[in-house]
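In full-length UniProt numbering, the protein residues as written are 1 to 244. To start, the structure itself, in structure tokens.
Take a look at the structure:
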């Protein structure tokens, strides 16, 4: 069986592929939002002085870094409805199960990214903010986070691109994302090469666009960072930048 270019081109313009690609990106976006929210809380726990918070955060990170994402998706979609009848209703769709499952798994990795970014900030910055009368919350929001975001942005972009690809795991819970769309066509026609090749093209386009977007955002943050460093900061620790 030779590669049929006509079938391949037909699938490239097939609305089902466009819809599947949109679902893949949507799952990745919502998963990253959920992962960032949970990961930030876990990162604060890891950097907390409380041993209880450190322990709980450490267990979360250890557990979800060890469990395969595919297994988590199967548990959320198949096992949890057995334990919680509310999940047996129509509102609990494969889309919801997919972004929740991928989000809580990804949160373990985002927690390490955020924790590393927070630890990269000089403690003198926070101390200077407190000396100016800022509350701990304001110090975190106005002093620490703006600097930590620049550090966490590149690895976060890489994680987002990875989530777009990992969304294909949701095919096992019947989510009609990009890979499922290709698989349905293969099951009907047995034309593996053409349908899978079309899916590859869509993944390449999505990842290429996200890579360009990531590069643009990173350059923008670097330019902003450099422009700010030209001005003396009132939050600069005592003795920093003094030349002998």
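Even for Gly, the Cβ is constructed at its ideal location relative to N, Cα and C. Predicted model only: the values in this text are computed from it and were never measured.
| query | In whole angstroms, what separates the C-alpha of residue 125 from that of residue 143? | reply | In the chain shown, the residue the question calls residue 125 occupies position 125. In the chain shown, the residue the question calls residue 143 occupies position 143. Straight-line Cα distance between these residues: approximately 7 angstroms.
| Using a threshold of 7 angstroms, is the CB atom of residue 79 nearer than that to any non-hydrogen atom of the ligand ADP? | Ligands are entirely absent from the displayed structure, and the ligand ADP is therefore not among its contents.
| task | Tell me, please, whether the stretch 56-74 touches the stretch 133-150 by the rule of three or more beta-carbon pairs shorter than 8 angstroms. | result | no
| query | Rounded to a whole number of angstroms, what is the C-alpha to C-alpha distance between residue 19 and residue 177? | reply | Position 19 of the chain shown, counting from 1, holds the residue named residue 19. Position 177 of the chain shown, counting from 1, holds the residue named residue 177. Looking at the two C-alpha atoms, the distance is approximately 7 angstroms.
| message | Suppose you measure from the CA of residue 229 to the CA of residue 147; what does that come to, to the nearest Å? | response | Taking the first residue of the chain shown as position 1, residue 229 is located at position 229. Taking the first residue of the chain shown as position 1, residue 147 is located at position 147. Low per-residue confidence applies at residue 229: pLDDT is 46, beneath 50, and the placement is therefore not dependable, though the value from the model is reported in the following sentence. Whole-angstrom Cα-Cα distance: 12 angstroms.
| request: Within its chain, find whatever has a CB closer than 7 angstroms to the CB of residue 169; leave out the 5 residues flanking it on each side and keep chain order. | output: Numbered from 1 along the chain shown, position 169 holds the residue referred to as residue 169. Excluding positions up to five away in sequence, the list reads 69, 70, 73.
| Residue burial classification, residue 106 (beta-carbon count within 10 angstroms, cutoff 16) | By 1-based counting over the chain shown, the position of residue 106 is 106. Classification of residue 106: buried, given that the 10 Å Cβ count is 16 or more.
| said: Rounded to whole angstroms, what is the Cα-Cα separation between residue 47 and residue 64? | reply: As a position in the chain shown, residue 47 is number 47, starting the count at 1. As a position in the chain shown, residue 64 is number 64, starting the count at 1. Rounded to the nearest angstrom, the two C-alpha atoms are 19 angstroms apart.
| Residue ranges of each beta strand (DSSP E) run of no fewer than 3 residues wholly in the stretch 144-181, ordered along the chain? | none
| field | Residues near residue 27 in its chain [Cβ-Cβ closer than 6 angstroms; skip 5 each side] | value | Here the question's residue 27 lines up with position 27 in the chain shown. 98, 99, 167.
| Boundaries of the alpha helix (DSSP H) in which residue 136 is found, first to last residue | Here residue 136 corresponds to residue number 136 of the chain shown, with the count starting at 1. Taken as a continuous stretch (DSSP letters only), the alpha helix (DSSP H) holding residue 136 covers 136-139.
| said: Is the separation between the beta-carbon of residue 121 and that of residue 101 shorter than 8 angstroms? | reply: Reading the chain shown from its first residue, position 121 is the one you call residue 121. Reading the chain shown from its first residue, position 101 is the one you call residue 101. No, these two residues do not count as a Cβ contact at 8 angstroms.
| request: Could you tell me whether the stretch 6-26 touches the stretch 176-190, using the rule of 3 or more Cβ pairs below 8 angstroms? | output: yes
| Of all the options 195, 172, 21, which has the alpha carbon lying nearest to the alpha carbon of residue 182? | As a first step, residue 182 must be located in the chain shown, where it is residue number 182. Among 195, 172, 21, the Cα nearest to that of residue 182 is on 195.
| task | Provide the residue span of the alpha helix (DSSP H) that contains residue 16, from first to last. | result | Residue mapping note: residue 16 aligns to position 16 of the chain shown, counting from 1. Start and end: 15-46.
| request: Specify the secondary structure class of residue 63 as computed by DSSP and reduced to three states. | output: Translated into the one-based positions of the chain shown, residue 63 becomes position 63. If DSSP states are grouped into helix, strand and coil, residue 63 belongs with the helices.
| query | Per the contact definition of three or more C-beta pairs closer than 8 angstroms, is the stretch 75-89 in contact with the stretch 26-46? | reply | no
| request: Would you decide whether residue 24 is buried or exposed? Buried here means 16 or more other CB atoms lie within 10 Å of its CB. | output: Taking the chain shown and counting its residues from 1, one reaches residue 24 at position 24. So residue 24 ends up on the buried side.
| What runs of the alpha helix (DSSP H), each 4 residues or longer, lie entirely inside the stretch 96-136? | 123-131
| said: For residue 9 and residue 206, I'd like the C-alpha separation in whole angstroms. | reply: What you label residue 9 is simply residue 9 of the chain shown in a count that begins at 1. What you label residue 206 is simply residue 206 of the chain shown in a count that begins at 1. Distance between the alpha carbons of residue 9 and residue 206: 18 angstroms.
| Option nearest residue 45 by Cα separation, candidates 4, 114, 33, 172 | The residue given as residue 45 occupies position 45 in the chain shown. Checking every option, the nearest Cα to that of residue 45 belongs to 114.
| field | Beta-carbon gap between residue 157 and residue 214 smaller than 8 angstroms | value | Taking the chain shown and counting its residues from 1, the one referred to as residue 157 is at position 157. Taking the chain shown and counting its residues from 1, the one referred to as residue 214 is at position 214. Result yes, Cβ atoms of residue 157 and residue 214 sit closer than 8 angstroms.
| Hey, would you say residue 12 sits closer than 8 angstroms to residue 201, going by beta carbons? | The count along the chain shown starts at 1 and reaches residue 12 at position 12. The count along the chain shown starts at 1 and reaches residue 201 at position 201. Yes, these two residues count as a Cβ contact at 8 angstroms.
| said: Rounding to the nearest angstrom, what Cα-Cα distance links residue 165 and residue 203 in this structure? | reply: What you label residue 165 is simply residue 165 of the chain shown in a count that begins at 1. What you label residue 203 is simply residue 203 of the chain shown in a count that begins at 1. Roughly 8 angstroms between the two C-alpha positions.
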